[in-house]
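Peer 1:
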Amino acid sequence: MSLKDLPAALRPREKLLALGPAALADAELLALLLRTGSQGQDVLQLAQALLDRSGGVAGLLATPAAALEGVKGLGPAKRAELSAVIELARRALAATLRERPVFESPAAVKDYLQLQLSQLTREVFSVLFLDHQQRLLAFETLFQGTLSQTSVYPREVVQRALALNASAVILAHNHPSGMAEPSRADEFLTRSLKEALALVDVRVLDHIVVGSGCTVSFAERGLL
């Protein structure tokens, strides 16, 4: 069943035009993108099923396109449209971080890292390199590992910071298990990187651990 087949009172487009996008539920907004359902479920049911499968909007935005293959009701065209929306969200958040100091939008930093890292099946270590005004210069994944751990070499982080003329960094890595709680090894690594980067006058502003739908900030925990 498509949107046009729904009763007028249930059509998300008409509701949006009358009341504004904030009046729509997550499933209704997603239904506007999907437009049609699949056999046995209308478009609103398909949208809700997709959100439930992904763990909500945040989970859906962080879902790789490949992970949507085989989902009933999502053909290549719909997957492409969702991927485009997800990439637009990443770019919008990155633009925010490039335009303003990161401490003015800590939520945007976490949202950006969630989009980049939360659905990866291998642990990776990434760095947000910042200029002297603490705006984003670059986001780079420097090391990739196994399901449970990644080897990180401080010398390479320092070299990259110098190459980008960075004044500060935010460290980040994911826990594919879904739990964002830092380990003792994470704490030791953070201290090692902080000391190495201090030698070249680069500050470590935070280390953010990304789980499934959650993040933990070392700065907020007082661990830096």
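Under the UniProt record's numbering, think of the first position of the sequence shown as 1, with each following residue one higher.
Beta carbons: idealized from backbone N, C-alpha and C, even for Gly.
(1) Contact between the region 175-188 and the region 105-124 is defined here as three or more beta-carbon pairs at a separation below 8 Å; is this criterion met?
(2) Along the chain, where does the alpha helix (DSSP H) that runs through Ser-54 open and close?
(3) Assuming Leu-115 and Leu-88 make a contact with CB atoms under 8 Å, what is their CB distance in whole Å?
(4) Kindly identify the DSSP beta-bridge partner or partners of His-207.
(5) Based on DSSP bridge pairs, tell me the residues matched to Val-157.
(6) For Arg-135, which residues of its own chain have a beta-carbon under 8 Å away from its beta-carbon, when the five flanking residues on both sides are left out?
(7) Between Val-158 and Leu-142, is the Cβ-Cβ spacing less than 8 Å?
(8) Do Ala-168 and Gly-211 have their CB atoms nearer than 8 Å?
(9) I'd like the list of long-range same chain contacts for Gly-40, defined as Cβ closer than 7 Å, with 5 residues on each side in sequence excluded.
Peer 2: Reading from the atomic positions:
(1) yes
(2) 43-54
(3) Wrong, their Cβ atoms sit about 11 Å apart, outside the cutoff.
(4) Leu-171
(5) None, per the DSSP bridge assignment.
(6) Leu-97, Arg-98, Glu-99, Arg-100, Pro-101, Val-102
(7) no
(8) no
(9) none
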